[in-house]
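Working notes, beginning with the structure itself.
2 protein chains.
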Amino acid sequence: MSQNNAEAPETIDPQAMLCFNLYAVSHAFNRFYQPILDPLGITYPQYLVLLALRHEDKRGVGSLGRELMLDTNTLSPLLKRMEIAGLVGRTRQADDERRVLVHLTERGQEIAARAAQIPDCILSCLDMPESDLQQATEIVSRLRRMLADIDPPKTPA
Amino acid sequence: MSQNNAEAPETIDPQAMLCFNLYAVSHAFNRFYQPILDPLGITYPQYLVLLALRHEDKRGVGSLGRELMLDTNTLSPLLKRMEIAGLVGRTRQADDERRVLVHLTERGQEIAARAAQIPDCILSCLDMPESDLQQATEIVSRLRRMLADIDPPKTPA
DNA sequence: GTCATTTGTATCGTGCACGATATAAGCGAG
DNA sequence: CTCGCTTATATCGTGCACGATACAAATGAC
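Next comes the structure, spelled out in structure tokens:
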């Protein structure tokens, strides 16, 4: 029942681990975006929602969640805040009262159009050749699709 | 003063953006770790602190923060929770009363040793060749070091 | 020595993330 | 039709992240 069949592992530097690097870079990008998003009055997850709606408007909460890999317990309050901010509207779908359709307001479209200009601005600020950034995007995207497919392990360490 | 000198950008899919992929994969990894960390009674950031302390014990809050790219406003309450859980101890440094030295308790060392076995367990669960994972680690680590060096832009979008 | 400045840590408020739970609408078997 | 089941969204509690603020210890100018 115990776990003493495994080696006592030597010291590990988090900075050499893939998951920590992803964790740290994700937060670092968030901080990097913030001074650009601040004047728009939105947060980084809200920025993602705006882009996702600009990409495909008038969709259910679940559809947004599948694209952004977020559950409704995260999206519901987030969308409520965006509704209060006048960025999105929410309406019950007529033929299925369970569904809530989220759509950009006029103001939301305006902010989303400005938000859509940001990625180019960001990439040009980074001190890394574009080919490397493309390669990073490709491999991290591959990780995303892989992790979306497989189930987490159940074995205790 | 305005921003109408930029092109109206066409639609953008978040899934094609580097920053979203990093954001999504970071959360996905967190979810992936959780069922393994749960029996140890720790969260993912606490797991990182245990590994960092196992790598170099008896260090100040700021030293931990620099390694994990976290500020004290995140670490202080986190370390307090870990102290309550009996994983770490905190003592004021004698010759500089501002500094707080964090160290692993006996129980903390035990949990950290088990935590150190996890990365291998995780990597073996992933459906991706090891060379690709190494390549991912290398390029994301490069992004981390780059973002740690440069300042965020100040230009509004 | 004295006081302004810097350094190291902690506290507070807000907004995610997410597990657990709730609830209401659709759906299906009988 | 009705009851059980699934689906879609919302709510609540906890723990991060992080900007803003506070404060005490160290440092330095004088």
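Respectively, the protein sequence lines represent chains A and B. For the first sequence, position 73 (counting from the first letter as 1) is numbered 76 according to this note's numbering, and the numbering increases by one without interruption. For the second sequence, position 136 (counting from the first letter as 1) is numbered 139 according to this note's numbering, and the numbering increases by one without interruption. No residue lacks a Cβ here, since even glycine has one placed at the ideal position from N, Cα and C. Just so you know, these numbers come straight off a predicted model, no measurement behind them.
Cβ of residue i within 7 Å of any chain B Cβ
i: Thr14 of chain A; result: yes
i: Tyr26 of chain A; result: yes
i: Thr46 of chain A; result: no
i: Pro155 of chain A; result: yes
i: Gln112 of chain A; result: no
i: Ala140 of chain A; result: Residue identity check: residue 140 of chain A is Thr in the sequence provided, not Ala. True, the Cβ-Cβ gap to chain B drops below 7 Å.
i: Leu78 of chain A; result: no
i: Asp98 of chain A; result: no
i: Asp130 of chain A; result: yes
i: Met85 of chain A; result: no
i: Leu81 of chain A; result: no
Given residue i as reference, the closest of the options once Cα atoms are compared
i: Pro156 of chain B; options: A:Leu40, A:Met20, A:Ala19 and A:Asp152; result: A:Leu40
i: Gly162 of chain B; options: B:Met85, B:Asp130 and B:Leu129; result: With chain B covering 4 to 160 only, the question about residue 162 of chain B has no answer from this structure.
i: Leu71 of chain B; options: A:Gly111, A:Asp152, A:Ala119 and A:Asn24; result: A:Asn24
i: Ala88 of chain A; options: A:Asp16, A:Thr46, A:Ala119 and A:Ile125; result: A:Thr46
i: Glu141 of chain A; options: B:Pro12, B:Leu21 and B:Thr140; result: B:Leu21
i: Leu90 of chain A; options: A:Asp74, A:Arg101 and A:Arg110; result: A:Arg110
i: Arg62 of chain B; options: B:Ala116, B:Gln96 and B:Cys124; result: B:Gln96
i: Leu54 of chain A; options: A:Gln18, A:Ala19 and A:Ala115; result: A:Ala115
i: Arg102 of chain A; options: A:Pro80, A:Asp154 and A:Val64; result: A:Val64
i: Asp16 of chain A; options: B:Gln138, B:Pro122, B:Ile153 and B:Asp154; result: B:Pro122
i: Gln49 of chain B; options: B:Ala139, B:His30 and B:Pro80; result: B:Pro80
i: Tyr36 of chain B; options: B:Glu113, B:Leu73, B:Cys124 and B:Leu78; result: B:Cys124
i: Thr108 of chain B; options: B:Pro12, B:Glu133, B:Asp60 and B:Thr77; result: B:Asp60
i: Leu73 of chain B; options: A:Pro12, A:Asp154, A:Leu78 and A:Tyr26; result: A:Tyr26
Cβ separation of residue i and residue j, assumed to be a contact under 8 Å, to the nearest whole Å
i: Val28 of chain A; j: Leu146 of chain B; result: 5 Å
i: Met131 of chain B; j: Met149 of chain A; result: 6 Å
i: Ala119 of chain A; j: Arg57 of chain A; result: 6 Å
i: Val105 of chain B; j: Leu129 of chain B; result: Not quite, the Cβ-Cβ distance comes to about 31 Å (not below 8 Å), so this is no contact.
Pairwise C-alpha distance: residue j and residue i
i: Ser66 of chain A; j: Thr14 of chain B; result: 17 Å
i: Leu126 of chain B; j: Asp135 of chain B; result: 11 Å
i: Arg34 of chain B; j: Thr75 of chain B; result: 25 Å
i: Arg69 of chain A; j: Arg93 of chain B; result: 42 Å
i: Arg117 of chain A; j: Pro38 of chain A; result: 14 Å
i: Ser144 of chain B; j: Asp99 of chain B; result: 34 Å
i: Ala31 of chain B; j: Gln138 of chain B; result: 19 Å
i: Ser5 of chain A; j: Glu113 of chain B; result: For Ser5 of chain A, the predicted structure reports a pLDDT of 45, less than 50, and the residue's modelled location is therefore unreliable. The matter cannot be settled from this model.
i: Pro12 of chain B; j: Asp154 of chain B; result: 26 Å
i: Pro42 of chain A; j: Leu78 of chain A; result: 22 Å
i: Glu133 of chain A; j: Ala19 of chain B; result: 14 Å
Test: residue i CB closer than 7 Å to a CB of chain A
i: Arg147 of chain B; result: yes
i: Ala55 of chain B; result: yes
i: His58 of chain B; result: yes
i: Val143 of chain B; result: yes
i: Leu21 of chain B; result: yes
i: Ala115 of chain B; result: no
i: Asn7 of chain B; result: Here Asn7 of chain B scores only 47 on pLDDT, less than 50, and its place in the model is too uncertain to base an answer on.
i: Ser127 of chain B; result: no
i: Gln120 of chain B; result: yes
i: Ser66 of chain B; result: no
i: Ala31 of chain B; result: yes
i: Asp150 of chain B; result: The sequence shown places Leu at residue 150 of chain B, not Asp. By this cut-off, Leu150 of chain B is an interface position.
i: Leu107 of chain B; result: no
i: Leu90 of chain B; result: no
i: Leu104 of chain B; result: no
In chain order, what are the residue ranges of uninterrupted alpha helix (DSSP H) at least 4 long that sit wholly in the region 79-133 of chain B? 109-118 and 121-128
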